[in-house]
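A.B. asks: The listed protein sequences derive, respectively, from chains A, B, C and D. If you want our numbering, it's the position in the first sequence, counting the first as 1, plus 40. If you want our numbering, it's the position in the second sequence, counting the first as 1, plus 40. If you want our numbering, it's the position in the third sequence, counting the first as 1, plus 40. If you want our numbering, it's the position in the fourth sequence, counting the first as 1, plus 40. Sharing a structure here in structure tokens format.
Number of protein chains: 4
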Amino acid sequence: MMAPLSPRLVVPVDVKKLPREQKVPLHNRWHPDIPPVADVTEGELFRVEMVDWSGGRVRDDNSADDLKFMDFTIAHYLSGPLRIVDSEGVPASPGDLLAVEICNLGPLPGDEWGYTAILERENGGGFLTDHFPSARKAIWYFEGIYACSPQIPGVRFPGLTHPGVVGTAPSLELLNIWNEREKSLSETSLETIKLCEVLHQRPLAHLPTPENCLLGKVQEGTAEWHIIANEAARTIAGRENGGNCDIKNLSRGSRIYLPVFVEGANLSTGDMHFSQGDGEISLCGAIEMSGFLELKCEIIRGGMKEYLTPVGPTPLHVSPIFEIGPVEPRFSEWLVFEGISVDESGKQHFLDASVAYKRAVLNAIEYLSKFGYSKEQEQSGLG
Amino acid sequence: MMAPLSPRLVVPVDVKKLPREQKVPLHNRWHPDIPPVADVTEGELFRVEMVDWSGGRVRDDNSADDLKFMDFTIAHYLSGPLRIVDSEGVPASPGDLLAVEICNLGPLPGDEWGYTAILERENGGGFLTDHFPSARKAIWYFEGIYACSPQIPGVRFPGLTHPGVVGTAPSLELLNIWNEREKSLSETSLETIKLCEVLHQRPLAHLPTPENCLLGKVQEGTAEWHIIANEAARTIAGRENGGNCDIKNLSRGSRIYLPVFVEGANLSTGDMHFSQGDGEISLCGAIEMSGFLELKCEIIRGGMKEYLTPVGPTPLHVSPIFEIGPVEPRFSEWLVFEGISVDESGKQHFLDASVAYKRAVLNAIEYLSKFGYSKEQEQSGLG
Amino acid sequence: MMAPLSPRLVVPVDVKKLPREQKVPLHNRWHPDIPPVADVTEGELFRVEMVDWSGGRVRDDNSADDLKFMDFTIAHYLSGPLRIVDSEGVPASPGDLLAVEICNLGPLPGDEWGYTAILERENGGGFLTDHFPSARKAIWYFEGIYACSPQIPGVRFPGLTHPGVVGTAPSLELLNIWNEREKSLSETSLETIKLCEVLHQRPLAHLPTPENCLLGKVQEGTAEWHIIANEAARTIAGRENGGNCDIKNLSRGSRIYLPVFVEGANLSTGDMHFSQGDGEISLCGAIEMSGFLELKCEIIRGGMKEYLTPVGPTPLHVSPIFEIGPVEPRFSEWLVFEGISVDESGKQHFLDASVAYKRAVLNAIEYLSKFGYSKEQEQSGLG
Amino acid sequence: MMAPLSPRLVVPVDVKKLPREQKVPLHNRWHPDIPPVADVTEGELFRVEMVDWSGGRVRDDNSADDLKFMDFTIAHYLSGPLRIVDSEGVPASPGDLLAVEICNLGPLPGDEWGYTAILERENGGGFLTDHFPSARKAIWYFEGIYACSPQIPGVRFPGLTHPGVVGTAPSLELLNIWNEREKSLSETSLETIKLCEVLHQRPLAHLPTPENCLLGKVQEGTAEWHIIANEAARTIAGRENGGNCDIKNLSRGSRIYLPVFVEGANLSTGDMHFSQGDGEISLCGAIEMSGFLELKCEIIRGGMKEYLTPVGPTPLHVSPIFEIGPVEPRFSEWLVFEGISVDESGKQHFLDASVAYKRAVLNAIEYLSKFGYSKEQEQSGLG
């Protein structure tokens with residue numbers, strides 16, 4: 041008699057509770073000293089549940105005030121870290137590669153809804169904030185593979201669900217690299233980046249802050265908490281450990297190859313998206329939701345050196361590899377919108393992919409507006 | 041404040057209980073007088089849970105005895121019937137078309153396993169029973185979209201999950217047509233079908249029998265039960281009401297257009313398959329499992345006449361239409377095996393698609409045997 | 041300086057000439073003694089041009105008379121045979137496997153049109169001849185990947201182009217097996233196949249006949265010609281050598297693994313289809329056209345024994361394997377029509393796949409008739 | 041009797057002749073006064089042949105000198121302009137939208153080869169020119185849908201063929217807008233774009249120059265030629281008229297909706313690619329080839345205003361829309377490489393998509409180098 045391989049639930053969440061009230065504590069920073077909440081053995085199928093990035097602060101209602109006044113130091117509430125060990129109980133070690141297979145994923149039963157949003161120009165902003173300065177929110181309800189929104193009537197589409205954030209913990213050495221380069225960027229005078237005026241309302245980098253810092257098992261207010269909170273990396277940027285990668289095809293059957301920087305790998309996941317476009321245009325451009333992942337891990341000993349080559353001054357300047365799986369919605373035809381490196385004032389920029397991308401997105405929005413949707417509806421819809 | 045559209049659970053099942061012990065009673069026959077177990081409103085998202093076709097008689101172990109000695113008069117345990125009404129509460133009526141959308145489906149949480157099997161030649165047999173006369177069973181464990189089997193090591197593939205049985209209740213008039221034509225076939229002397237010797241071990245048709253008859257809310261042993269049990273159609277054949285269609289692509293996003301023969305339509309579903317090949321070669325050729333469906337129904341008033349044209353002597357000789365959805369595993373390349381209308385003795389038959397199909401299947405099995413699998417393993421694997 | 045790999049044209053055709061007038065002679069029978077028209081070396085890219093199956097007897101006009109009075113002893117005009125040798129000039133030998141890759145294919149430049157047809161009940165008939173007894177023809181014009189027909193206005197679709205016939209020459213031993221089994225079938229009294237009455241207008245098998253026999257380099261009227269013509273197999277049936285397989289996905293990038301029965305393999309191809317449905321319902325159900333193939337061959341020495349297992353009394357009872365390639369039109373959704381083993385009179389047949397398939401096809405035709413097309417239009421359109 | 045719709049050849053090319061020797065003259069600039077070489081009627085299927093972008097200056101040999109010493113003022117040699125008229129002979133007019141359907145495309149028969157290249161840092165450079173400063177060339181030979189290269193052994197893949205350049209002629213007003221904004225960018229001091237140092241070897245914009253200017257029917261040396269040559273826009277940048285869009289999926293079945301700025305639309309095409317990656321990394325990153333297009337045009341009267349909304353100060357600041365067709369190679373799985381906005385020195389840039397993209401490309405190159413390919417091989421292979 042064999043036991044069915046029902047996935048082991050290692051991180052349950054209760055969406056009716058606040059992040060700091062969850063039975064298995066959550067975290068919203070990257071740091072080597074955030075202790076694992078559970079062990080997972082190589083090869084076993086396990087289930088991780090996650091709150092949405094905001095930990096439930098965005099509500100299923102008609103007002104965008106929750107986003108307008110959002111404090112983004114809370115982002116992103118993650119489940120984990122998970123300590124990965126092999127069949128002999130030997131943990132993954134720095135230099136290994138952690139292969140994470142997404143066997144299944146979806147919304148949490150009983151919580152089948154999500155939202156897209158435009159952030160307030162003065163609080164968060166976004167890629168098109170000059171065009172869409174006011175906070176807006178669209179609620180999406182899920183009907184299995186389909187999503188529809190009362191704010192965007194007539195639209196119903198099959199989603200391509202994926203986690204926005206999946207990453208391993210950085211080593212202290214890597215964390216210092218992050219903090220230094222982000223600090224130096226944040227000190228860059230606006231002068232030198234005047235080419236970037238399209239984005240100037242936004243902070244150049246999100247530096248460590250104890251504000252709203254949640255560190256899992258590390259109790260708030262303790263000396264240890266203060267040390268970690270002051271140096272832990274924010275989760276908004278993607279980095280060498282993966283993190284906030286927002287890859288829209290990272291769905292069922294995908295495999296992620298993450299570098300291991302600390303013993304046990306300390307895998308964390310969160311920021312589930314019911315679906316997303318090519319890029320997360322407004323910072324809330326994907327359909328944000330709570331959800332679950334069913335995962336399987338494999339430890340590739342020494343794989344970091346074997347498969348990842350650093351691009352940068354240290355062996356730590358690597359990037360994960362994402363293998364996209366075989367299951368996603370099939371479309372017979374789709375539209376491509378071209379963008380050129382000329383901004384809305386008609387001024388040309390030198391091979392500026394950001395300007396070109398922005399231009400392409402605006403073209404898409406204008407096109408959709410021909411069908412009677414407001415531009416805010418479309419940006420919410422576009423992701 | 042809007043309520044999330046979490047699917048309403050209209051038929052729960054407990055896989056630890058026997059079919060006749062389920063809180064919402066199951067049934068294993070088609071008959072207009074099997075009373076609905078629940079009402080469903082057009083447009084609402086609802087969830088139906090189903091035991092496997094055998095109601096749990098096939099076990100997760102290494103012995104095929106459960107199949108060798110199976111009493112097939114139990115097949116198939118179905119959930120329902122469901123009475124479909126419109127927003128005004130007016131039920132679907134004969135002549136309408138019932139559009140059933142599969143929004144989501146899958147195994148039951150905690151019961152993520154299934155089985156393929158070869159039936160005993162003397163009990164059930166199957167398409168290749170002369171080649172595979174002994175009962176065999178392969179257990180499959182599910183890891184999200186993937187299935188693997190201890191009996192077929194080295195094989196792991198993404199499934200294309202679907203219900204094997206979905207249908208509406210027949211009217212008494214249609215039921216009589218079924219019983220008459222099946223009775224007349226079963227009386228056909230073997231003489232006249234000697235061409236079919238490849239299949240001669242099997243009954244020509246499965247006629248009504250009270251044996252193991254389960255009729256939902258109709259209490260066993262009552263006079264009513266005896267009347268229905270003696271005329272209710274078996275569920276093994278596909279018929280005008282859909283029924284045991286075993287269409288492998290009938291997965292997420294598919295829509296089924298079923299003719300309505302009785303007031304309320306009386307929709308029933310069951311026989312979930314984790315995955316299946318092109319045709320169910322051995323009678324247990326799909327990966328059989330318990331599971332759930334999340335459905336949405338639409339009543340197309342008068343649609344039966346408008347969209348379905350009878351092929352046969354009466355207006356009831358119609359067939360449902362199946363619209364395949366956009367989500368299924370993507371494969372870059374696959375193999376096709378050709379079959380010709382020549383049997384294993386070298387004798388040619390006149391354009392006999394059954395012989396040709398059998399031949400193609402044998403070719404596929406022989407090919408796979410080159411990779412070290414036994415033919416039984418392959419047939420189980422092939423579906 | 042390297043030479044571009046422009047495919048070598050080994051068989052040119054001129055569609056303005058009759059089959060027997062072609063510079064490189066064609067053939068319309070299978071026989072080991074039809075001499076090769078060219079040598080092809082393993083690994084080289086070569087081009088074969090082909091007339092349509094009828095050799096131009098079906099014309100681009102509004103009359104179906106060419107089909108009504110067609111003499112089917114002409115079918116199919118094939119290009120070849122080609123003698124396949126390895127880089128040392130050693131020909132493929134019996135027992136080898138010939139892998140044929142379809143690198144490219146299409147209509148002949150300047151002849152971008154084709155036709156679908158319904159055959160006359162009294163001359164050829166077809167699967168649905170009782171329903172469609174009169175000859176009909178629809179002309180299709182090609183616009184690159186798309187086809188449209190003046191007879192079926194409003195329909196335009198991307199084709200999935202493929203050769204209907206691809207095969208190697210049989211050995212004399214295999215040829216004898218074919219002739220014996222087909223002779224014995226043709227002698228079967230109608231009595232014993234009364235179940236097949238739906239098809240009774242058609243010959244049970246097409247036996248060798250010198251009538252309209254074209255044997256490539258073998259000059260008509262010679263003693264050799266008479267011997268071959270009286271024993272050469274017709275090309276209408278698919279057999280162990282591949283032949284008329286009509287696999288709709290056998291398009292760009294596909295690989296065909298053919299058994300080799302004679303020295304040199306003697307590969308022949310023809311019967312190009314712009315596109316076809318699942319099965320060639322009317323015998324002219326695909327869009328028939330002239331066309332070209334760009335092929336590459338590989339000889340797998342001893343591969344027949346290694347990869348093909350006979351299903352039948354002799355080692356020659358094998359079947360080719362078809363590997364479908366990665367390029368074909370993508371469709372988001374499609375319809376499936378169910379067929380049950382009950383004929384149009386309402387009579388049930390025992391698991392008769394032919395009856396069920398016929399029923400499914402009729403359902404599809406009836407469905408399409410709802411859109412204002414005549415049933416003849418649809419059958420032509422359906423393939 | 042109907043005439044087959046064989047596409048009408050409106051622009052033939054002879055790859056053995058120089059661009060200026062072609063029977064139907066080519067052009068390599070955008071200007072309203074370059075006269076049409078042919079009329080095309082809405083709805084007719086027509087064929088355009090094109091030399092490769094270099095007009096045959098890049099040769100099928102082992103030396104990259106042709107690229108190392110290339111004079112880029114020749115780019116791109118285009119076929120056209122074509123004057124599009126409706127069935128009444130009324131030409132497309134400014135404000136209309138021109139829908140161009142790609143019915144078919146491919147290499148030119150007899151010229152089935154192409155090349156990818158890395159440009160010399162001091163002459164052309166490219167996105168990764170700091171990493172790959174020396175000119176390199178890989179020759180690719182086509183075998184139908186497949187391409188393989190002697191310089192990159194072991195690689196063979198199905199291409200996704202498309203035109204790199206497709207566009208309409210600008211009006212004089214639009215041309216002036218281009219020239220002004222590009223002139224002002226080219227005058228931007230390097231100071232202000234020091235963030236872009238990764239790209240600093242390249243000109244900021246390619247301004248009009250009579251050098252190597254080819255203007256179709258306008259005879260070289262004439263007064264008219266001098267006027268046009270001095271103001272005609274170069275073809276290297278994509279702009280409001282489409283132009284050098286390099287969209288890799290723009291293959292069979294695609295439709296392009298181009299704004300019409302001059303009477304007749306004056307459609308030009310060129311720069312055929314056998315296949316390309318996501319972006320043309322080295323400026324010769326696609327497999328460059330000569331080729332043909334089979335096209336169909338439709339004039340959407342007033343469509344520019346109806347479907348395109350300007351993004352910029354004038355009604356001319358529009359962008360074309362590209363509808364991707366249903367036929368392209370199918371892949372079960374693929375890899376995604378992540379890029380972050382940190383350059384190779386470890387310095388972080390503010391949300392710089394160009395830096396991130398560069399980083400992702402380098403990661404892909406490093407990954408492939410694990411399989412024994414040199415980085416130059418990979419960059420050529422990557423496109």
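Backbone N, C-alpha and C define an ideal beta-carbon position, used for all residues, glycine too.
1) On the DSSP bridge assignment, give the partners of aspartate 79(C) in chain order.
2) How many Å lie between tryptophan 374(D) and glutamate 363(A) at the Cα?
3) Got a sec? Which residues, its chain only, sit under 7 Å from methionine 41(C) by beta carbon, not counting five neighbours each side?
4) Could you check whether the stretch 294-307 of chain A touches the stretch 129-145 of chain A, counting it as contact only if at least three pairs of C-beta atoms, one from each stretch, sit closer than 8 Å?
5) Listing by chain order, which chain B residues have their CB less than 9 Å from the CB of serine 372(D)?
6) Distance check for proline 353(C) and serine 385(B), CA to CA, integer angstroms please.
7) Any Cβ of chain C within less than 8 Å of the Cβ of serine 385(B)?
8) Using only CA atoms, which one of Ala393(D), Gly154(D), Gly379(D) lies nearest to isoleucine 405(D)?
9) If the criterion is Cβ atoms closer than 8 Å, does the pair threonine 309(C) and leucine 168(C) meet it?
10) Using only the alpha-carbon positions, how far apart do cysteine 253(D) and histidine 202(A) sit?
11) Does the beta carbon of serine 330(B) come closer than 8 Å to any beta carbon on chain C?
12) If we ignore side chains and look at the alpha-carbon of each, how far apart do serine 372(B) and valine 367(C) end up?
13) Just list the beta strand (DSSP E) runs in the stretch 293-351 of chain B, keeping only unbroken ones of 3 residues or longer that don't cross its boundaries, in chain order.
14) Counting only beta-carbon atoms, is cysteine 143(C) nearer than 8 Å to chain D?
15) Tell me the DSSP secondary structure of threonine 113(B) in three-state form.
16) Closest to threonine 113(D) by CA distance: which of Tyr413(D), Leu391(D), Thr249(D) is it?
17) Go ahead and label glycine 164(C) buried or exposed: buried means 16 or more other beta carbons lie within 10 angstroms of its beta carbon, across all protein chains shown.
18) Helix, strand or coil: how does DSSP classify isoleucine 267(D) here?
19) Runs of 3 residues minimum, wholly inside the stretch 345-391 of chain B: which ones carry the beta strand (DSSP E) assignment?
20) Please report the straight-line C-alpha distance between isoleucine 339(A) and cysteine 188(B), rounded to a whole angstrom.
21) Determine whether the Cβ of glycine 95(D) lies closer than 8 Å to any Cβ atom of chain C.
22) Hey, does glycine 2(D) have any beta-carbon neighbour from chain A nearer than 8 Å?
23) Pick out whichever of Leu402(B), Asn403(B), Lys387(B) has its Cα sitting closest to the Cα of lysine 223(C).
24) May I have the straight-line CA-CA distance separating leucine 235(D) from aspartate 392(A), to the nearest angstrom?
25) Closer than 8 Å, CB to CB, is lysine 56(A) near chain B or not?
26) Can you find at least 3 beta carbon pairs, one from the stretch 78-88 of chain B and one from the stretch 125-132 of chain B, that sit closer than 8 Å?
27) Does the stretch 94-114 of chain B come close enough to the stretch 147-160 of chain B that 3 or more CB-CB pairs lie under 8 Å?
28) By how many angstroms is the C-alpha of glycine 293(D) removed from the C-alpha of leucine 58(D)?
29) When burial is assigned at 16 or more other CB atoms within 10 Å of the CB, is leucine 356(A) buried or exposed?
30) At a Cβ cut of 8 Å, what residues of the stretch 161-190 of chain B count as close to chain A, listed as they run along the chain?
31) Which whole-angstrom value is the C-beta distance of proline 52(B) and lysine 63(B), which I expect to be below 8 Å?
32) Below 8 Å between beta carbons is the criterion; list the residues of the stretch 393-415 of chain B that meet it against any residue of chain G, in chain order.
33) Give the DSSP-derived three-state secondary structure of arginine 221(B) in the structure shown.
34) Spatial neighbours of asparagine 403(B) within its chain, please: C-beta separation below 8 Å, excluding the five flanking residues on both sides.
C.D. replies: For this structure:
1) Arg123(C)
2) 6 Å
3) With a pLDDT of only 38 at methionine 41(C), under the threshold of 50, the placement of this residue in the model should not be trusted, and no figure is reported.
4) yes
5) Pro369, Arg370, Phe371, Ser372, Glu373
6) 6 Å
7) yes
8) Gly379(D)
9) no
10) 51 Å
11) no
12) 9 Å
13) 295-299, 307-313, 324-328, 331-340
14) yes
15) helix
16) Thr249(D)
17) buried
18) helix
19) 361-364, 367-369, 374-377
20) 21 Å
21) no
22) Residue numbering for chain D in the displayed model covers 41 to 423; residue 2(D) lies beyond these limits and cannot be assessed.
23) Lys387(B)
24) Low local confidence applies: a pLDDT of 46 at leucine 235(D) is under 50, so the model's placement there is unreliable, with the coordinate-based value given in what follows. Distance between the alpha carbons of leucine 235(D) and aspartate 392(A) is about 11 Å.
25) no
26) yes
27) yes
28) 31 Å
29) buried
30) Ile179, Tyr181, Phe182, Glu183, Gly184, Ile185, Tyr186, Pro190
31) 6 Å
32) Here chain G cannot be found, since the structure's protein chains are A, B, C and D.
33) helix
34) Phe377, Glu378, Gly379
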